[in-house]
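**Student:** Shown below is the structure under consideration.
In my numbering, the protein residues as written are 1364 to 1531.
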């Protein structure tokens, strides 16, 4: 299967998770982990509102934790991450250190995206990593979710990301 077709099919799954979490008033980030053409884990952003607000329960972190609980010895080197938003620096570095090397996302995170980090300029642990990055897969579909969110909810309301998204 051609890469773009494969990427779009998997991104559709991430977008469906994002739509579901948006319907609950959460920041619309959905994430799926795929290995050998099979979805092996999925998750969505939690606790971006309400009494348990935090900046740890990102979709990618929750997906990774879920997978590692079920399969603690899994080799993550063959996993591709699909996320409706470019992983932030926290998520990106956590997944890198866990062994993941392929990342696909829909919408760019102009405020906190980590995937533009120049790994070669970092200490050897990171500098020697070789990653595959592919952004803007089904970007418009994800953009609509983020625009709806920023028009209707208050999470990161006055941020660079909100302003950039609403100006699209």
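Where a beta carbon is used, it is the ideal one built from N, C-alpha and C, also for glycine. Note that this is a predicted model, so its numbers are computed, not measured.
Only counting runs of 4 or more residues, tell me where the alpha helix (DSSP H) segments fall wholly within the segment 1440-1506, in order along the chain.
**Tutor:** You should have 1452-1461, 1487-1490.
**Student:** Going by Cα to Cα distance, which pick from 1370, 1375, 1379, 1385 is closest to residue 1511?
**Tutor:** Translated into the one-based positions of the chain shown, residue 1511 becomes position 148. Minimum Cα distance to residue 1511 is reached at 1385.
**Student:** From the DSSP output, which residues share a beta bridge with residue 1406?
**Tutor:** Taking the first residue of the chain shown as position 1, residue 1406 is located at position 43. Partner(s): 1394.
**Student:** Measure how close the beta-carbons of residue 1467 and residue 1374 come, nearest whole angstrom, since I'm counting them as under 8 Å.
**Tutor:** The residue you call residue 1467 lines up with position 104 of the chain shown. The residue you call residue 1374 lines up with position 11 of the chain shown. Approximately 7 Å separates the beta-carbon atoms of residue 1467 and residue 1374; this is inside 8 Å, confirming the contact.
**Student:** Give me whichever residues DSSP pairs with residue 1401 in a beta bridge.
**Tutor:** Taking the chain shown and counting its residues from 1, the one referred to as residue 1401 is at position 38. Residue 1401 is bridged to 1398.
**Student:** Just checking my contact of residue 1394 with residue 1446 at CB under 8 Å: how many whole Å lie between their CB atoms?
**Tutor:** In the chain shown, the residue the question calls residue 1394 occupies position 31. In the chain shown, the residue the question calls residue 1446 occupies position 83. Confirmed, about 5 Å.
**Student:** Over the uninterrupted alpha helix (DSSP H) stretch that includes residue 1414, give me the two end residues.
**Tutor:** Position 51 of the chain shown, counting from 1, holds the residue named residue 1414. Taken as a continuous stretch (DSSP letters only), residue 1414 belongs to no alpha helix (DSSP H), as it is neither H nor E.
**Student:** Thinking C-beta only, is residue 1504 closer than 8 Å to residue 1425?
**Tutor:** Counting from one through the chain shown, the residue named residue 1425 turns up at place 62. Counting from one through the chain shown, the residue named residue 1504 turns up at place 141. The criterion of a C-beta distance shorter than 8 Å is not satisfied by residue 1425 and residue 1504.
**Student:** What's the call for residue 1337, buried or exposed, on a 16-neighbour Cβ count within 10 Å?
**Tutor:** The chain is shown only over 1364 to 1531; residue 1337 falls outside these bounds and no answer can be derived.
**Student:** Once DSSP output is grouped into helix, strand and coil, what is the label at residue 1531?
**Tutor:** Position 168 of the chain shown, counting from 1, holds the residue named residue 1531. It is coil, neither helix nor strand.
**Student:** Going by DSSP in three states, residue 1382 sits in which element: helix, strand or coil?
**Tutor:** As a first step, residue 1382 is located in the chain shown; it is residue number 19 there, counting from the start. Helix at residue 1382.
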